[in-house]
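Residue numbers for the sequence shown follow the numbering used here, beginning at 113 and rising by one.
Written below as structure tokens is the structure these notes are about.
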Amino acid sequence: MGMLVNGIWQDDDVVGFVRDGKNVRFNSGFHDWIKEDASATFNPEASRYALYLNRTCPWSHRASVTRELKGLGSVIDEVLLEPSMGAQCWWFGNSGEYTDPAIGATHLHELYSASDPQFTGRVSVPVLWDKKLKRIVNNDSGALARMFNTEFNQFAKFPEVDFYPEALRDEIDEFNDYVADRLNDGVYRCLLAKNQADYELAFDRLFEALDFLDHHLSTLRYLLGATPTEPDWRLFACLVRFDSIYYSLYNCNLRRIVDYPNLWGYTRDLYQIPNVARTVDMEDIKKGYYRVISRDGIVPKGPSIDLNEPHSRGDL
113 MGMLVNGIWQ
123 DDDVVGFVRD
133 GKNVRFNSGF
143 HDWIKEDASA
153 TFNPEASRYA
163 LYLNRTCPWS
173 HRASVTRELK
183 GLGSVIDEVL
193 LEPSMGAQCW
203 WFGNSGEYTD
213 PAIGATHLHE
223 LYSASDPQFT
233 GRVSVPVLWD
243 KKLKRIVNND
253 SGALARMFNT
263 EFNQFAKFPE
273 VDFYPEALRD
283 EIDEFNDYVA
293 DRLNDGVYRC
303 LLAKNQADYE
313 LAFDRLFEAL
323 DFLDHHLSTL
333 RYLLGATPTE
343 PDWRLFACLV
353 RFDSIYYSLY
363 NCNLRRIVDY
373 PNLWGYTRDL
383 YQIPNVARTV
393 DMEDIKKGYY
403 RVISRDGIVP
413 KGPSIDLNEP
423 HSRGDL
């Protein structure tokens with residue numbers, strides 16, 4: 113997969129950085145925060161920042177959907193990368209459809225090196241770029257979603273929308289951890305398992321969690337009540353990809369999401385919230401996964417999934 117070492121791209125993994133089936137993500141490398149403070153380096157400003165993302169990536173999806181639902185589309189730019197990884201990880205491709213307006217980069221790692229010439233580590237999406245200072249602010253999806261939720265309210269069309277309400281923060285943090293461990297990372301543990309025992313453990317934990325969540329959502333519209341919060345969008349990013357990607361390509365094939373009555377209705381419910389659909393491009397998602405992971409690179413035409421099918425979740 114390759115990585116940056118002291119700001120220079122290396123095609124091969126460096127010993128000590130190779131991921132395995134039990135440890136599927138590295139810590140992100142940029143952790144600055146945007147806030148309204150005269151002493152802060154990064155202040156909330158309209159048109160100052162750009163969100164770099166890839167429609168394939170579920171971690172990108174968290175930040176993208178928060179940006180949309182807060183009504184920040186005209187405040188924070190969105191820059192899309194090629195759906196499929198290239199030889200040097202995330203890139204802008206050579207079709208001309210995806211381009212970098214910041215520094216004319218061909219690969220995302222160039223923005224990492226421009227921000228920190230000694231950066232060593234993986235290159236990941238999403239990334240929030242400061243157009244004024246010409247550097248990355250943060251590349252942690254959870255932090256970006258939270259910043260979009262709270263720090264740009266003076267510019268947001270929907271400042272009243274709050275995915276991290278103070279009264280529910282303990283429960284939100286607990287569900288965030290559960291969804292990350294069992295679902296977001298769980299599907300990757302199935303894919304990356306190095307032996308049968310590890311695969312079966314990951315598989316069983318994954319479907320135990322899906323069974324639990326389906327039951328949990330039998331009496332609640334969303335994970336914590338009547339309105340969506342952070343863990344709902346973290347879960348949605350996994351569920352909306354599950355039947356098309358994880359079920360077959362990641363060997364997570366005990367049951368599909370459409371086989372879970374409550375999870376399937378819940379997924380459609382979230383998808384049908386205004387502006388969420390524009391964050392989901394299933395064709396790009398399938399291209400991004402299958403062209404990289406599948407042996408032959410063939411992108412399947414199916415499955416046929418109607419996310420606009422009516423649901424009755426509003427009755428809960």
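Just so it is clear, CB atoms sit at the ideal spot from N, CA and C, and this is done for glycine as well.
What's the gap between the Cα of residue i and the Cα of residue j?
i      : j      : result
ILE417 : GLY377 : 12 Å
LEU336 : ASN250 : 28 Å
ASP228 : TRP171 : 22 Å
ALA217 : ASP149 : 31 Å
ASP285 : TYR210 : 35 Å
CYS350 : LEU295 : 7 Å
LYS244 : SER207 : 28 Å
ASP124 : LEU223 : 20 Å
THR397 : SER176 : Correcting the residue identity first, residue 397 is Ile in this sequence and not Thr. Roughly 14 Å between the two C-alpha positions.
HIS327 : ASN374 : 7 Å
GLY114 : LEU220 : 13 Å
LEU181 : ASP310 : 38 Å
GLY409 : SER196 : 11 Å
TYR383 : PRO277 : 22 Å
TYR372 : LEU192 : 32 Å
VAL387 : ASP316 : Residue 387 is actually Asn in this sequence, not Val. Those two C-alpha atoms are separated by around 34 Å.
ARG333 : CYS169 : 26 Å
GLY133 : TYR401 : Per-residue confidence for GLY133 stands at a pLDDT of 45, beneath the threshold of 50, marking its modelled position as unreliable; the derived number appears in the next sentence. Computed Cα separation, rounded: 18 Å.
GLU421 : THR379 : 11 Å
GLU395 : ARG403 : 12 Å
GLY106 : ARG179 : Limits of the chain in this structure are 113 at one end and 428 at the other, which puts residue 106 out of reach.
Mapping the DSSP letters down to three states, classify residue i as helix, strand or coil.
i      : result
GLY337 : strand
TYR164 : strand
GLY114 : coil
ILE410 : coil
ILE248 : strand
GLY205 : coil
TRP145 : coil
GLY426 : helix
ILE417 : coil
GLN308 : helix
ILE385 : coil
GLY377 : helix
ASP212 : coil
GLY233 : strand
GLY400 : helix
Less than 8 Å between the CB atoms is what I'm expecting for residue i and residue j, so what's the real figure, rounded?
i      : j      : result
VAL237 : TRP203 : Contact flag wrong, Cβ pair sits at about 11 Å.
ALA199 : ILE215 : Between ILE215 and ALA199 the Cβ distance is about 20 Å, and since that is not below 8 Å, they are no contact.
PHE275 : ASN261 : 5 Å
TYR362 : LEU303 : 4 Å
HIS173 : THR391 : 6 Å
ALA305 : ALA314 : 6 Å
LEU280 : THR341 : 6 Å
LEU116 : PHE231 : 5 Å
If you follow the alpha helix (DSSP H) that residue i is in, where does it begin and where does it stop?
i      : result
VAL299 : 298 to 304
GLU222 : 221 to 227
PHE260 : 253 to 262
VAL370 : That residue, VAL370, is in no alpha helix (DSSP H); it is neither H nor E in DSSP.
GLU272 : No alpha helix (DSSP H) contains GLU272, which DSSP labels as neither H nor E.
At what residues does the beta strand (DSSP E) containing residue i begin and finish?
i      : result
VAL239 : 239 to 242
GLU190 : 189 to 192
ILE284 : Premise fails: ILE284 lies in the alpha helix (DSSP H), 281 to 291, not in any beta strand (DSSP E).
GLN122 : 120 to 122
Using a beta-carbon distance below 8 Å, is residue i in contact with chain D?
i      : result
ALA279 : Given the protein chain composition of this structure (a single chain), no chain D is represented.
Q. Does the pairing of the stretch 291 to 299 with the stretch 343 to 356 give three or more beta-carbon distances under 8 Å?
A. yes
Q. Does the stretch 161 to 171 touch the stretch 361 to 381, meaning 3 or more C-beta pairs lie closer than 8 Å?
A. no
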